[in-house]
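If you're matching them up, the sequences are chains A and B in order.
Residue 218 in the working numbering sits at position 98 of the first sequence, and the numbers go up by one each step.
Residue 267 in the working numbering sits at position 147 of the second sequence, and the numbers go up by one each step.
C-beta: ideal position from N, C-alpha, C; glycine also.
Quick notes on the structure that follows.
Number of protein chains: 2
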Amino acid sequence: MTIRTRRERERAEREQLIITAARELAEAEGWDAVTTRRLAAEIEYSQPVLYSHFKGKDAIMAAVAVEGFAELAAGLREARAAVTGPRETLAAVGGAYTAFARRRPALYDAMFTHHVGLPFATPEAPAALREAFGELLRAVEPVAGADGAPDLLTETYWAGLHGLVTLMRSGRLPEEAHERRLALLNARFAGGG
Amino acid sequence: MTIRTRRERERAEREQLIITAARELAEAEGWDAVTTRRLAAEIEYSQPVLYSHFKGKDAIMAAVAVEGFAELAAGLREARAAVTGPRETLAAVGGAYTAFARRRPALYDAMFTHHVGLPFATPEAPAALREAFGELLRAVEPVAGADGAPDLLTETYWAGLHGLVTLMRSGRLPEEAHERRLALLNARFAGGG
DNA sequence: GTGAAATTCTAGCACCGCTAGACCTTCTGT
DNA sequence: ACAGAAGGTCTAGCGGTGCTAGAATTTCAC
């Protein structure tokens with residue numbers, strides 16, 4: 121048995137190595153630079169081993185995305201814990217969300233922009249993803265007012281954050297006014313229904 | 121002279137042919153299907169003629185995007201003209217925006233998602249683009265309240281719309297609740313500052 | 001009609017994601 | 001201890017991509 125478990129452990133380690141290499145390469149040079157050849161060279165194996173771990177490049181991106189969800193969820197939770205009051209909470213969580221997107225743009229792309237076949241608004245969605253949404257939900261709920269649909273309101277607020285960061289990152293919105301736009305979004309959502 | 125002008129006219133016609141073919145192919149099968157070979161076959165010329173008109177594939181997408189800006193601006197203007205009252209105007213324009221994004225997803229991608237090197241929030245931006253933003257601005261201004269920064273508020277509202285449509289189109293938000301989310305967004309922005 | 005100029009095409013480069021089949025290592029049964 | 005089976009990894013290659021150099025063709029000016 122022990123020899124088999126060692127094999128399995130080594131294999132799991134190599135899988136993590138692939139994910140980490142893909143993530144670091146993407147963060148350093150963007151996803152366009154993450155080619156299967158390049159990635160194989162990075163982990164010092166040949167291309168086909170990638171396909172013995174993942175179905176294809178998209179599956180590797182999806183694995184990276186799942187790591188990102190966990191990191192985002194942790195960041196949001198931390199931000200929420202650091203403040204009190206509904207308005208402050210919304211501002212802290214919204215700020216943490218956009219800060220994450222700006223700090224880890226490639227990671228954010230894999231999570232929320234690239235067409236990677238991950239289930240989202242279903243129970244089958246990755247736990248880390250559901251947790252990240254839960255953090256947003258807990259920040260939005262106190263300011264939901266009489267809407268009676270905190271889930272939908274959270275989705276809408278999330279869309280606002282997502283729009284801000286994606287439009288900014290693609291050069292469609294100027295960077296320098298980001299904080300002011302975020303403040304406007306928060307004011308509109310914290311104002312009550 | 122007349123022979124030269126005929127040449128120039130024919131050349132302009134062929135350029136438009138390229139743009140139209142690219143757009144139709146993208147709308148029918150997505151941008152992944154728009155390869156330079158496929159596009160060349162569509163216009164019944166060889167690949168290199170594409171490069172005598174455009175610097176590369178991105179430039180073709182940019183040209184398609186500019187057409188899209190004009191169409192979007194027209195749609196928003198029409199929607200705004202059909203109603204009266206600030207809340208109704210915002211709902212009409214927001215609805216027209218998301219309807220456009222859902223009706224012409226590939227076009228919308230070229231305009232607002234793909235990294236195409238078009239200037240946005242500057243005077244050098246395409247006229248049609250500035251006009252489309254102007255339509256949004258005229259819809260948001262009446263509900264701006266005391267914010268005193270209608271430009272930034274419009275950008276923020278735009279981000280909300282953009283987030284809704286992109287997250288929905290990538291399967292991150294379920295389609296069926298779109299109208300309710302849009303209504304929530306509108307309510308938050310029409311509520312006054 | 002002929003040489004010059006402009007235009008279009010053929011052919012190919014370097015790269016992409018992905019995979020079949022050869023190769024080598026490791027384990028198993030006698 | 002050793003032959004054969006099983007498993008893992010590699011080399012080499014497929015069909016595709018965006019893009020371009022240089023040949024071939026057409027059109028022009030004289």
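Check: The stretch 278 to 285 of chain B touching the stretch 275 to 285 of chain A, judged by at least three CB pairs closer than 8 angstroms; Outcome: yes
Check: 6 angstroms CB neighbourhood of Glu149 (chain A) in its chain, flanking five on each side removed; Outcome: none
Check: Within-8 angstroms CB hit, Thr209 (chain A) to chain B; Outcome: no
Check: Opening and closing residue of the alpha helix (DSSP H) in which Leu238 (chain A) lies; Outcome: Element bounds for Leu238 (chain A): n/a, residue is neither H nor E.
Check: 7 angstroms CB neighbourhood of Lys177 (chain B) in its chain, flanking five on each side removed; Outcome: Thr156
Check: Helix, strand or coil at Thr155 (chain A) [DSSP, three-state]; Outcome: coil
Check: Contacting positions in the stretch 271 to 284 of chain B - beta carbon closer than 8 angstroms to chain A; Outcome: Leu272, Leu273, Glu275, Thr276, Trp278, Ala279, Gly280, Leu281, His282, Gly283, Leu284
Check: Chain-ordered neighbours of Phe253 (chain A) on chain B, where CB pairs are closer than 7 angstroms; Outcome: The premise fails here: Phe253 (chain A) is roughly 10 angstroms from chain B at the closest Cβ pair, so nothing lies under 7 angstroms.
Check: Residue of B:Ala252, B:Arg134, B:Ala310 minimising C-alpha distance to Glu198 (chain B); Outcome: B:Ala252
Check: Beta-carbon neighbours of Ala146 (chain A), restricted to chain B and to distances below 7 angstroms; Outcome: Result: empty, since nearest Cβ-Cβ is about 15 angstroms, beyond 7 angstroms.
Check: Interface residues of the stretch 187 to 199 of chain B facing chain A [CB-CB below 8 angstroms]; Outcome: none
Check: Other residues of its chain near Ala216 (chain B): CB distance less than 6 angstroms, five sequence neighbours each side excluded; Outcome: Gly195, Leu196, Ala199
Check: Interface residues of chain A facing Ser290 (chain B) [CB-CB closer than 7 angstroms]; Outcome: His235
Check: Exposure of Ala259 (chain B), with buried meaning 16 or more beta-carbon neighbours within 10 Å; Outcome: buried
Check: Residues near Arg224 (chain A) in its chain [Cβ-Cβ closer than 8 angstroms; skip 5 each side]; Outcome: Glu147, Gly188, Glu191
Check: Interface flag, Thr286 (chain A) vs chain B, CB-CB below 8 angstroms; Outcome: yes
Check: Within the stretch 159 to 195 of chain A, ranges of the alpha helix (DSSP H) (whole runs, at least 4 residues); Outcome: 167 to 173
Check: Chain A contact for Ala182 (chain B) (CB, 8 angstroms cutoff); Outcome: no
Check: Alpha-carbon spacing of Leu170 (chain B) relative to Ala153 (chain B), whole angstroms; Outcome: 16 angstroms
Check: Range of the contiguous alpha helix (DSSP H) that encloses Gly311 (chain A); Outcome: Where Gly311 (chain A) is concerned, there is no enclosing alpha helix (DSSP H), given that its DSSP letter is neither H nor E.
Check: Inter-stretch contact at 8 angstroms, needing at least 3 Cβ pairs: the stretch 223 to 237 of chain A / the stretch 179 to 187 of chain A; Outcome: yes
Check: Neighbour flag for Leu305 (chain A) against chain B, beta carbons, 8 angstroms; Outcome: yes
Check: Any chain A beta carbon closer than 8 angstroms to Ala241 (chain B); Outcome: yes
Check: Reduced DSSP secondary structure (H/G/I, E/B, other) of Asp370 (chain B); Outcome: Here chain B has residues from 121 to 313 only, and residue 370 (chain B) is not among them.
Check: Chain-order list of residues whose beta-carbon lies under 6 angstroms from that of Tyr165 (chain B) (same chain, five-residue window excluded); Outcome: none
Check: CB contact check: Leu257 (chain B) to chain A, cutoff 8 angstroms; Outcome: no
Check: Gly214 (chain B), buried or exposed, once every other Cβ within 10 Å from all chains shown has been counted against 16; Outcome: buried
Check: DSSP three-state assignment for Glu135 (chain A), whether helix, strand or coil; Outcome: helix
Check: Straight-line Cα distance separating Arg158 (chain A) from Thr218 (chain A); Outcome: 30 angstroms
Check: Chain-ordered chain B contacts of Leu170 (chain A) [CB-CB under 7 angstroms]; Outcome: The premise fails here: Leu170 (chain A) is roughly 22 angstroms from chain B at the closest Cβ pair, so nothing lies under 7 angstroms.
Check: Proximal chain A residues relative to Phe174 (chain B), where beta-carbon distance stays under 8 angstroms; Outcome: The premise fails here: Phe174 (chain B) is roughly 20 angstroms from chain A at the closest Cβ pair, so nothing lies under 8 angstroms.
Check: Test item: CB-CB of Leu145 (chain A) and Glu162 (chain A) under 8 angstroms; Outcome: yes
Check: Glu133 (chain B) versus Ile139 (chain B): straight-line alpha-carbon distance, rounded; Outcome: 10 angstroms
Check: Exposure of Thr242 (chain B), with buried meaning 16 or more beta-carbon neighbours within 10 Å; Outcome: exposed
Check: As assigned by DSSP and simplified to three states, the class of Val203 (chain A); Outcome: coil
Check: Which of helix, strand or coil DSSP assigns to Pro225 (chain B); Outcome: helix
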